[in-house]
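Novice: Below you will find the structure I want to go over with you.
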Amino acid sequence: MDLQGTVIRPPSEAGSILLQVSLGCTHNKCTFCGAYPDKSFTIKDRWTVSNDIRFAARNFRHIRKVFLCDGDALSLPQKLVESILMEIRETLPWVTRVASYGSANGLRRKSDAELRRLRELGLGMVYMGLESGDDVVLAAMNKGCDVASIVKQGKRIMGAGLKLNVTVINGLGGRKRSLTHARETARALNRLQPQQAAALSLMLIPGTPLAQAQKNGEFELPDPMEMVIELREMVAGLALERSLFLANHSSNHMPFRARMPRDRENVLRTLDSVLDGRIAP
Ligand code: SF4
Numbered sequence: 281m282d283l284q285g286t287v288i289r290p291p292s293e294a295g296s297i298l299l300q301v302s303l304g305c306t307h308n309k310c311t312f313c314g315a316y317p318d319k320s321f322t323i324k325d326r327w328t329v330s331n332d333i334r335f336a337a338r339n340f341r342h343i344r345k346v347f348l349c350d351g352d353a354l355s356l357p358q359k360l361v362e363s364i365l366m367e368i369r370e371t372l373p374w375v376t377r378v379a380s381y382g383s384a385n386g387l388r389r390k391s392d393a394e395l396r397r398l399r400e401l402g403l404g405m406v407y408m409g410l411e412s413g414d415d416v417v418l419a420a421m422n423k424g425c426d427v428a429s430i431v432k433q434g435k436r437i438m439g440a441g442l443k444l445n446v447t448v449i450n451g452l453g454g455r456k457r458s459l460t461h462a463r464e465t466a467r468a469l470n471r472l473q474p475q476q477a478a479a480l481s482l483m484l485i486p487g488t489p490l491a492q493a494q495k496n497g498e499f500e501l502p503d504p505m506e507m508v509i510e511l512r513e514m515v516a517g518l519a520l521e522r523s524l525f526l527a528n529h530s531s532n533h534m535p536f537r538a539r540m541p542r543d544r545e546n547v548l549r550t551l552d553s554v555l556d557g558r559i560a561p
């Protein structure tokens, strides 16, 4: 497979065929993000993508999921995404789900009919970064869109019959806005009601503007216990009606996987035990 540079994929796509259809992300300006330092957004040559699909047909007959890399594959022109999905369907007929990252700004340019068409052609899941439900945090992180636009595009994804997985980042408000970030993020998730939400813990990546801000004393990363307090505040504010809530990324201090609302009270009890010192994080 022609995988160029650092390839990022969600933890739950670990076993998927990684089909790189573009390089980098269209925004590439979030202050915390070190995902694509070496790439500017580029659409890959269609022949190379076809070649990779044929390679997958010869070598990955046992793998049923495909993930379109890199960071913003759905911002590619509609006809191009459609042709890639059609080729996956024809050449890898055993694949049951194709997934991709999607940004609010990229999705805004697609009509509802275009999103439904992608669903018909096999796209099944879109991963969106909400990061925070607090507009002050999103602006500070230079996210390039606000909470309302992310919620709106997330709802359009689900309205088109696609599954939505939303990522939020514990610690992104720093020490100062930790609890506000937690409460507002819970509120945004409640408005969205995604099928899945995943909470990561912020890790400062050397070379990023946010890591530099920490060096300058302008940003303070919450310590592990403060991260647990923040996560507890977020979970306490959740009113998810039917979602899988994952905090099992390697960055998390207290990993768990919860069916909401069923597991909410158990998760709160576990987090309280960590805060009481009865369970080590
Ligand atoms: S967080 Fe996402 S949108 Fe922001 S720069 Fe990184 S890949 Fe791009």
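All residue numbers for the sequence shown refer to the working numbering, where the first residue is 281 and numbers rise by one.
For glycine and all other residues, C-beta sits at the position ideal for the given N, C-alpha and C.
Keep in mind it's a predicted model, so treat the numbers as computed, not measured.
Phe525 lies in the beta strand (DSSP E); which residues open and close that run?
Specialist: Locating residue 525 in the sequence shown gives position 245, where the first residue counts as 1. Here the beta strand (DSSP E) through Phe525 covers Ser523 to Leu526.
Novice: Could you say if the stretch 505-523 and the stretch 455-468 meet the contact criterion of at least three C-beta pairs nearer than 8 Å?
Specialist: Taking 8 Å as the limit for Cβ pairs, the verdict is that the stretch 455-468 does touch the stretch 505-523.
Novice: Cα separation between Arg289 and Arg549?
Specialist: Sequence index remark: in the sequence shown, residue 289 carries index 9 (1-based). Sequence index remark: in the sequence shown, residue 549 carries index 269 (1-based). Going by the C-alpha atoms only, they are around 31 Å apart.
Novice: Let me know the secondary structure DSSP gives Met540 once reduced to three states.
Specialist: The sequence position of residue 540 within the sequence shown is 260, counting from 1. Of the three classes helix, strand and coil, the one that applies to Met540 here is strand, per DSSP.
Novice: Could you please give the first and the last residue of the uninterrupted beta strand (DSSP E) stretch that includes Met483?
Specialist: On the sequence shown, position 203 is the one that residue 483 refers to. Segment: none, Met483 is in no beta strand (DSSP E) and carries neither H nor E.
Novice: Can you give the beta carbon distance from Met405 to Lys359, rounded, assuming they're within the 8 Å contact cut?
Specialist: Looking up residue 405 in the sequence shown gives position 125. Looking up residue 359 in the sequence shown gives position 79. No, Met405 and Lys359 are not in contact; Cβ-Cβ is about 22 Å, not under 8 Å.
Novice: Which one of Ala462, Pro489 and Arg389 has the shortest CA to CA distance from Asn308?
Specialist: Residue mapping note: residue 308 aligns to position 28 of the sequence shown, counting from 1. Looking at the Cα atoms, Pro489 is the closest of the given residues.
Novice: For Ala493, does the three-state DSSP call read helix, strand or coil?
Specialist: Walking along the sequence shown from the start, residue 493 turns up at place 213. It is helical.
Novice: Out of His461, Lys319 and Pro474, state which residue places its alpha-carbon closest to the alpha-carbon of Cys349.
Specialist: In the sequence shown, counting from the first residue as 1, residue 349 sits at position 69. Nearest option by C-alpha distance: Lys319.
Novice: Can the beta-carbon of Leu365 be found closer than 8 Å to that of Leu398?
Specialist: Numbered from 1 along the sequence shown, position 85 holds the residue referred to as residue 365. Numbered from 1 along the sequence shown, position 118 holds the residue referred to as residue 398. Yes, they are a contact pair.
Novice: Going by alpha carbons, who is nearest to Arg326 out of Arg344, Val301, Cys305 and Pro317?
Specialist: For the purposes of this step, residue 326 is taken as residue 46 along the sequence shown, with counting starting at 1. Looking at the Cα atoms, Val301 is the closest of the given residues.
Novice: Please go through the stretch 428-478 and give each complete alpha helix (DSSP H) segment of 4 or more residues, from N-terminal end onward.
Specialist: List check, alpha helix (DSSP H) in window: 458-472.
Novice: Just the C-alpha distance for Ala428 and Glu370, rounded to the nearest angstrom, thanks.
Specialist: Residue numbering aside, residue 428 sits at position 148 when the sequence shown is read from its first letter. Residue numbering aside, residue 370 sits at position 90 when the sequence shown is read from its first letter. C-alpha separation (whole angstroms): 38 Å.
Novice: In three-state terms, what does DSSP make of Gln284?
Specialist: Position 4 of the sequence shown, counted from the start, is the residue given in the question as residue 284. Note: Gln284 maps to coil in three-state DSSP.
Novice: Can you tell me the Cα-Cα spacing of Lys324 and Ile430, whole angstroms?
Specialist: For this step, residue 324 is matched to residue 44 along the sequence shown. For this step, residue 430 is matched to residue 150 along the sequence shown. In a straight line, the C-alpha of Lys324 is about 26 Å away from that of Ile430.
Novice: By the 10 Å Cβ neighbour count, where 16 or more other Cβ atoms means buried, how is Arg436 classified, buried or exposed?
Specialist: In the sequence shown, counting from the first residue as 1, residue 436 sits at position 156. Flag for Arg436 reads buried.
Novice: Kindly examine the ligand SF4 and report whether one of its heavy atoms sits closer than 7 Å to the Cβ of Lys319.
Specialist: Position 39 of the sequence shown holds residue 319. Result no, Cβ not under 7 Å from the ligand SF4.
Novice: Which residues in the same chain as Ile485 place their Cβ atom closer than 7 Å to its Cβ, once the five residues preceding and following it in sequence are excluded?
Specialist: Translated into positions along the sequence shown, residue 485 becomes position 205. Gly314 and Ala491.
Novice: Check whether the Cβ of Gly351 sits closer than 7 Å to any heavy atom of the ligand SF4, and report yes or no.
Specialist: Stepping through the sequence shown from its first residue, residue 351 is reached at position 71. Under cutoff, so the answer is yes.
Novice: Under the criterion of a Cβ to heavy atom distance below 7 Å, does His342 qualify as lining the ligand SF4?
Specialist: Locating residue 342 in the sequence shown gives position 62, counting from the first residue. Not so, every heavy atom of the ligand SF4 lies at least 7 Å from the Cβ.
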